[in-house]
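Peer 1: To start, I am sharing the structure in question, which I have written as structure tokens.
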Amino acid sequence: MIIKNHKLIPVILLMFALAAPIASYAQCKGFAKRKCLPELKPFIHNGQLNSTTLMEGESAELVITFHAGQQYRVMVCAQQSLKKIGFKMMDIDREVIFDSEEQAGAKYWDFNVNATQQMIILVAVPKPGKHASANLPGTLVQSGCVALLVGFQD
Amino acid sequence: MAAVFLCYLAACASESGQEMTEESVDEGDAATEEPNAISEEVSSKIFYTIPSPLELTSIIKKAGAKYDKSVLNSTDNISSYVTQSGMALNLGVYGADLSYASIFEQTQETMHYFAAAKKLADDLGITSAFGESTLTRIQNNLDNKDSLVAIISDSYWETDAYLKENKQSSISGLVVAGGWIEGMYVSTKLAEKTENNTDVVSRIGEQKLTLDNLISMLRGYEDPEIADLVSDLNMLKEAFEPVVITYSRQPPTVDAESKVTTLNTTSTINITDEQLAVISEKIEGIRTKIVK
Chain A
1 MIIKNHKLIP VILLMFALAA PIASYAQCKG FAKRKCLPEL KPFIHNGQLN
51 STTLMEGESA ELVITFHAGQ QYRVMVCAQQ SLKKIGFKMM DIDREVIFDS
101 EEQAGAKYWD FNVNATQQMI ILVAVPKPGK HASANLPGTL VQSGCVALLV
151 GFQD
Chain B
1001 MAAVFLCYLA ACASESGQEM TEESVDEGDA ATEEPNAISE EVSSKIFYTI
1051 PSPLELTSII KKAGAKYDKS VLNSTDNISS YVTQSGMALN LGVYGADLSY
1101 ASIFEQTQET MHYFAAAKKL ADDLGITSAF GESTLTRIQN NLDNKDSLVA
1151 IISDSYWETD AYLKENKQSS ISGLVVAGGW IEGMYVSTKL AEKTENNTDV
1201 VSRIGEQKLT LDNLISMLRG YEDPEIADLV SDLNMLKEAF EPVVITYSRQ
1251 PPTVDAESKV TTLNTTSTIN ITDEQLAVIS EKIEGIRTKI VK
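Same order as they appear, the protein sequences are chains A and B.
Just so we're aligned, residue 1 is where the first sequence starts under our numbering, counting upward by one.
Just so we're aligned, residue 1001 is where the second sequence starts under our numbering, counting upward by one.
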């Protein structure tokens, strides 16, 4: 399509800019629902959409209470634009209990809890430069939706 | 114009990280970290999450609590909830009552509380969470607790996702808070009615940890209604202060066959009858403000 009236170009750009965040939210929700929630089954998710957009080199932490006598699944799910993503589970003193890197990049972890306790889930996307394609000139820093799902078994 | 465009995109990138409640962002230098290792030094956003009423109900049921519909919020009160914050808080309350009824397989009350939650969700514009198709699924699965719980869990998720997607995260926070407060109210009332209530009381005492997370989560929202609620929750936090949780650290073990890890650390919860009475009173006060 050729735009003959050049005065319209800024208006069109503005319309795209205004629509971008809405599309981003919807995209992240749609991704989490379509790709992530089904993988959590048979665990019952906690009903909260824990998702965010991360760029390479960024990380996010989720603080959560796990309850005695319950079995849980913690799962990290990311869009394909993020080539590599990992997560760690730490106790409140930041002592690492699980590291997905040590489990061949596992996407989820199932565990039983004997004492109700606070835990920290750290999700991180490695910095650019730490995978082969990032060394190519002109490679853009990638970003994408990351969903962190927590499910329990009744 | 280009500047406006770029500024807007920058705001967009920032906003997109707000679906979880963000507390702080730190920058650090991760230049020396191992290749592909997860570093704690890189920029980090901190979020908090709260157990759903379904999980809370499951916990107190395992602790020995029984079903008692007299402790639930009457659906007759629904016409009193006309403000957005009132509707959001009570959507959480009715959601918790719905969870309680469904986990205890009370089909009639499950339908009652589903209808109440649907009415408030519809009034808040969240038609996708408790729509006609969900109603049909519930009706078709009233005798199947597992399916029922999964359907209700999906409705919670839809509610939360809709609100966050539409930049109403503070409303989502009120729904979550309303659900937790009702779950706590029901738990404290059931503790009074349960003969050997040690386990139920311990589960209540452990919510000291979740209360900290809830307050941290709500502080992330700039909303006067939430500020009032946080003030009430801070008073509840004071009531929880004397509750002592002591841990005995044990290394985790992995079941060779199932590959499931067990976190073997154990805990003891010290909570006296007097402390429980103060906590129960504070919770009842907050809950009364919400449901009146």
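Note that the Cβ used here is the ideal one computed from N, Cα and C, for glycine as well.
With distances taken from CA atoms, which of G1092/B, M1087/B, A1150/B and N1264/B is nearest T1253/B?
Peer 2: Within the second sequence, numbered from 1, the residue matching residue 1253/B stands at position 253. Nearest of G1092/B, M1087/B, A1150/B and N1264/B to T1253/B, Cα basis: N1264/B.
Peer 1: Which whole-angstrom value is the C-beta distance of V63/A and V123/A, which I expect to be below 8 Å?
Peer 2: Position 63 of the first sequence, counted from the start, is the residue given in the question as residue 63/A. Position 123 of the first sequence, counted from the start, is the residue given in the question as residue 123/A. Wrong, their Cβ atoms sit about 13 Å apart, outside the cutoff.
Peer 1: Hey, does K107/A have any beta-carbon neighbour from chain B nearer than 8 Å?
Peer 2: For the purposes of this step, residue 107/A is identified with residue 107 of the first sequence, where counting begins at 1. Not closer than 8 Å to any Cβ of chain B, the Cβ of K107/A fails to qualify, so no.
Peer 1: Verify whether the separation of the beta carbon atoms of A1129/B and A1121/B is less than 8 Å.
Peer 2: As a position in the second sequence, residue 1129/B is number 129, starting the count at 1. As a position in the second sequence, residue 1121/B is number 121, starting the count at 1. Against a cut-off of 8 Å, the Cβ pair of A1121/B and A1129/B comes out as a contact.
Peer 1: Can you name, in chain order, every residue of its own chain whose Cβ lies under 6 Å from the Cβ of Q71/A, other than the five neighbours on each side?
Peer 2: Position 71 of the first sequence, counting from 1, holds the residue named residue 71/A. Same-chain partners within the cutoff: N112 and Q153.
Peer 1: Residues of chain A with a CB under 9 Å from the CB of T1265/B: which are they?
Peer 2: For the purposes of this step, residue 1265/B is identified with residue 265 of the second sequence, where counting begins at 1. The answer, in chain order, is D91, V113, N114, A115 and Q117.
Peer 1: How is R73/A classed by DSSP in three states: helix, strand or coil?
Peer 2: Within the first sequence, the letter at position 73 stands for residue 73/A. Strand, per DSSP.
Peer 1: Going by C-alpha to C-alpha distance, which of P1251/B, K1193/B, Q1084/B and D1223/B sits closest to I1290/B?
Peer 2: On the second sequence, residue 1290/B is found 290 positions in, with the first residue counted as 1. Residue Q1084/B is the option with its Cα nearest to I1290/B.
Peer 1: Count the other CB atoms, across all protein chains shown, that sit within 10 Å of the CB of V141/A; report buried if there are 16 or more and exposed otherwise.
Peer 2: Residue mapping note: residue 141/A aligns to position 141 of the first sequence, counting from 1. It is exposed - the Cβ of V141/A has fewer than 16 other Cβ atoms within 10 Å.
Peer 1: Indicate whether the contact test is met: 3 or more Cβ pairs, each with one atom in the stretch 1231 to 1240 of chain B and one in the stretch 1199 to 1213 of chain B, closer than 8 Å.
Peer 2: These segments touch.
Peer 1: Verify the CB distance criterion: does V141/A have a CB-CB separation below 8 Å to chain B?
Peer 2: In the first sequence, residue 141/A corresponds to position 141, counting from 1. No, its Cβ sits nowhere closer than 8 Å to a Cβ of chain B.
Peer 1: So which of L1098/B, F1104/B and T1266/B has the shortest CA-CA distance to M1111/B?
Peer 2: Position 111 of the second sequence, counting from 1, holds the residue named residue 1111/B. Of L1098/B, F1104/B and T1266/B, the residue nearest in Cα terms is L1098/B.
Peer 1: Kindly indicate which residue of P126/A, S143/A and D110/A has the alpha-carbon position closest to the one of S1258/B.
Peer 2: Here residue 1258/B refers to the residue found at position 258 when the second sequence is read from its first residue. Checking every option, the nearest Cα to that of S1258/B belongs to D110/A.
Peer 1: Find out if the Cβ-Cβ distance for the pair S1153/B, L1054/B is shorter than 8 Å.
Peer 2: Position 153 of the second sequence, counted from the start, is the residue given in the question as residue 1153/B. Position 54 of the second sequence, counted from the start, is the residue given in the question as residue 1054/B. For S1153/B and L1054/B, yes; Cβs fall inside 8 Å.
Peer 1: Give a yes or no on whether the minimum CB-CB distance between L62/A and chain B is below 8 Å.
Peer 2: On the first sequence, position 62 is the one that residue 62/A refers to. Output row for L62/A: interface = yes.
Peer 1: For V76/A, return the contacting residues in chain B, with the cut-off set at a CB-CB distance below 9 Å.
Peer 2: Reading the first sequence from its first residue, position 76 is the one you call residue 76/A. Those do not exist, as V76/A stays about 11 Å from chain B at its closest Cβ, beyond 9 Å.
Peer 1: Taking C-alpha atoms, which residue in G1095/B, T1075/B and K1292/B lies nearest to T1057/B?
Peer 2: Within the second sequence, residue 1057/B is the residue found at index 57, counting from 1. The shortest C-alpha separation from T1057/B is found at G1095/B.
Peer 1: Distance check for L1190/B and D1068/B, CA to CA, integer angstroms please.
Peer 2: Taking the second sequence and counting its residues from 1, one reaches residue 1068/B at position 68. Taking the second sequence and counting its residues from 1, one reaches residue 1190/B at position 190. When rounded, the distance between both Cα atoms is 8 Å.
Peer 1: In chain order, what residues of the stretch 1233 to 1252 of chain B put their CB closer than 7 Å to some CB of chain E?
Peer 2: Absence of chain E from the displayed structure is noted, the protein chains being A and B.
Peer 1: For a contact defined as C-beta to C-beta under 8 Å, what are the partners of T1049/B on chain A?
Peer 2: For the purposes of this step, residue 1049/B is taken as the residue at position 49 of the second sequence. By Cβ distance, chain A contributes N46, Q48, N50, L62, V63, I64 and V150.
Peer 1: Specify the secondary structure class of F1047/B as computed by DSSP and reduced to three states.
Peer 2: Mapped onto the second sequence, residue 1047/B falls at position 47. Of the three classes helix, strand and coil, the one that applies to F1047/B here is strand, per DSSP.
Peer 1: Distance check for N114/A and Q1139/B, CA to CA, integer angstroms please.
Peer 2: For the purposes of this step, residue 1139/B is taken as the residue at position 139 of the second sequence. For the purposes of this step, residue 114/A is taken as the residue at position 114 of the first sequence. Using only the alpha carbons, I get a separation of about 36 Å.
Peer 1: May I have the straight-line CA-CA distance separating E1192/B from N1270/B, to the nearest angstrom?
Peer 2: Translated into the one-based positions of the second sequence, residue 1192/B becomes position 192. Translated into the one-based positions of the second sequence, residue 1270/B becomes position 270. Near 17 Å, if we compare the C-alpha coordinates of N1270/B and E1192/B.
Peer 1: List the residues that DSSP assigns as beta-bridge partners of H45/A.
Peer 2: For the purposes of this step, residue 45/A is taken as the residue at position 45 of the first sequence. Bridge partners of H45/A: G151/A.
Peer 1: Helix, strand or coil for Y1094/B? Go by DSSP, reduced to three states.
Peer 2: Position 94 of the second sequence, counting from 1, holds the residue named residue 1094/B. Note: Y1094/B maps to helix in three-state DSSP.
Peer 1: Determine, for K35/A, whether the minimum Cβ-Cβ distance to residues of chain B falls below 8 Å.
Peer 2: In the first sequence, residue 35/A corresponds to position 35, counting from 1. It does not: the Cβ of K35/A has no partner Cβ on chain B nearer than 8 Å.
Peer 1: Using DSSP's beta-bridge definition, name the partner residues of N112/A.
Peer 2: In the first sequence, the residue the question calls residue 112/A occupies position 112. According to DSSP, which records beta bridges pairwise, N112/A is partnered with Q71/A and T1262/B.
Peer 1: Please confirm if E1040/B has its CB atom under 8 Å from at least one CB of chain A.
Peer 2: To locate residue 1040/B, count along the second sequence from 1; it is residue 40. Confidence in E1040/B is poor, its pLDDT being 43 and thus under 50, which makes the residue's placement unreliable; the coordinate value appears in the next sentence. Output row for E1040/B: interface = yes.
Peer 1: Determine, for D1160/B, whether the minimum Cβ-Cβ distance to residues of chain A falls below 8 Å.
Peer 2: Your numbering for residue 1160/B matches position 160 in the second sequence. For D1160/B, the answer is yes, since a Cβ of chain A falls inside 8 Å of its Cβ.
Peer 1: Take Y1247/B as the anchor and find which of T1268/B, T1134/B, G1086/B and E1132/B has the nearest alpha-carbon.
Peer 2: Here residue 1247/B is taken as the residue at index 247 of the second sequence, counted from 1. Out of T1268/B, T1134/B, G1086/B and E1132/B, T1268/B has the C-alpha closest to the C-alpha of Y1247/B.
Peer 1: Check the DSSP bridge columns for N1270/B and list the partner residues they point to.
Peer 2: Here residue 1270/B is taken as the residue at index 270 of the second sequence, counted from 1. Beta-bridge pairing links N1270/B to V1244/B.
Peer 1: Taking only runs of the alpha helix (DSSP H) that begin and end inside the stretch 1181 to 1260 of chain B, which ones reach a length of at least 4 residues, in chain order?
Peer 2: The stretch 1181 to 1260 of chain B contains these whole alpha helix (DSSP H) runs: 1198 to 1219 and 1224 to 1240.
Peer 1: Give every residue of the same chain whose Cβ lies closer than 8 Å to the Cβ of D1143/B, excluding the five residues on either side of it in the sequence, and list them in chain order.
Peer 2: Position 143 of the second sequence holds residue 1143/B. The residues are T1107.
Peer 1: Tell me where the beta strand (DSSP E) around S59/A begins and ends.
Peer 2: One-based indexing of the first sequence puts residue 59/A at position 59. Element bounds for S59/A: E58 to F66.
Peer 1: Is I1059/B helix, strand or coil when you go by DSSP?
Peer 2: Within the second sequence, the letter at position 59 stands for residue 1059/B. Residue state, collapsed to three classes: helix.
Peer 1: Which bits of chain A does W1157/B rub up against, with CB to CB less than 8 Å?
Peer 2: Position 157 of the second sequence, counting from 1, holds the residue named residue 1157/B. In chain order: K33, L37, H45, G47, Q48 and L49.
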